[in-house]
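To start, the structure itself, in structure tokens.
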Amino acid sequence: IEHTFSILKPDATRRNLTGAINALIEKAGLRIIAQKRVRFTREQAETFYAVHKARPFFGELVDTMISGPVVVQVLEGEDAIKKYRDVLGATDPAKADPGTIRKEFAVSLGENSAHGSDAPETAAVEIAQWFSGNEIV
Ligand code: ATP
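This is the structure in structure tokens:
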């Protein structure tokens, strides 16, 4: 059994889509074992996306992530990291398969509704950034 970290991004909370997205997560067999609504500070968003610091879209990415509240989550399941990436669909919603979160809900590449960790190491770091052990049940 594996854990992954998820963020329902500001475009999702703004449009009241967190329940609809959670329904797709649960339909895929992933269990939401921790969840809270928070607002990223600029510093937290910059740290979270530090790997993209040199990219031309970094400023826009950080601005978008702090434009409203987000829902941070820990998801549990068999092969959870890959399974959730599959449920998310391609980063660019125009390229995402039907039935995926990004195809159904995303607005654009910058406002693509949700994030999922890409590897066990990043999942562990991202989960630890937002949840203490006793919040994950
Ligand atoms: P995430 O890390 O959010 O799960 P991802 O792993 O699918 O997304 P990354 O390549 O890590 O994709 O990009 C991180 C985020 O940066 C994307 O989700 C997207 O919102 C944003 N992004 C990526 N490329 C661009 C771009 N060319 N222009 C604007 N925003 C972009």
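Just so we're aligned, residue 2 is where the sequence shown starts under my numbering, counting upward by one.
Positions of the beta carbon are idealized from the N, C-alpha and C atoms, including for glycine.
Practice problem: For His-4, write down the residues that DSSP places opposite it in a beta bridge. | Solution: Glu-77
Quiz item: Mapping DSSP to helix, strand and coil, what is Ile-137?
Solution: In the structure shown, Ile-137 sits in coil (DSSP, three-state: anything other than H, G, I, E or B).
Practice problem: Report the residue from Ile-2, Ala-13 and Phe-106 whose alpha carbon sits nearest the alpha carbon of Val-72. | Solution: Ala-13
Practice problem: Work out the CA separation of Ile-8 and Leu-25 for me, nearest whole Å. | Solution: 14 Å
Exercise. Could you check if Gly-100 is buried or exposed, using at least 16 other CB atoms within 10 Å of its CB as the buried criterion?
Key: exposed
Quiz item: Rounded to the nearest angstrom, how far is the Cβ of Ser-164 from that of Lys-10, given a contact under 8 Å?
Solution: Beyond the ends of the chain as shown, which are 2 and 138, falls residue 164; an answer cannot be given.
Quiz item: Going by Cα to Cα distance, which pick from Ala-129, Asp-87, Leu-76 and Ile-82 is closest to Ala-35?
Solution: Leu-76
Quiz item: What number of angstroms, rounded off, separates the C-alpha of Glu-61 from the C-alpha of Gly-111?
Solution: 8 Å
Self-check item: Thr-48: CB within 7 Å of a non-hydrogen atom of ligand 1
Solution: no
Practice problem: Assuming Ala-129 contacts His-4 (C-beta within less than 8 Å), just tell me the rounded distance between them. | Solution: The Cβ separation is near 11 Å, so there is no contact.
Quiz item: Helix or strand or just coil, what does DSSP make of Ala-55?
Solution: coil
Quiz item: CA-CA distance, Glu-47 and Lys-54?
Solution: 8 Å
Quiz item: Which residues does DSSP pair with Gln-36 in a beta bridge?
Solution: Gln-74
Quiz item: Which residues count as close to ligand 1 when the rule is a CB under 5 Å from any of its heavy atoms, in chain order?
Solution: Phe-58, Leu-62, Thr-92, Leu-110, Gly-111, Asn-113 and His-116
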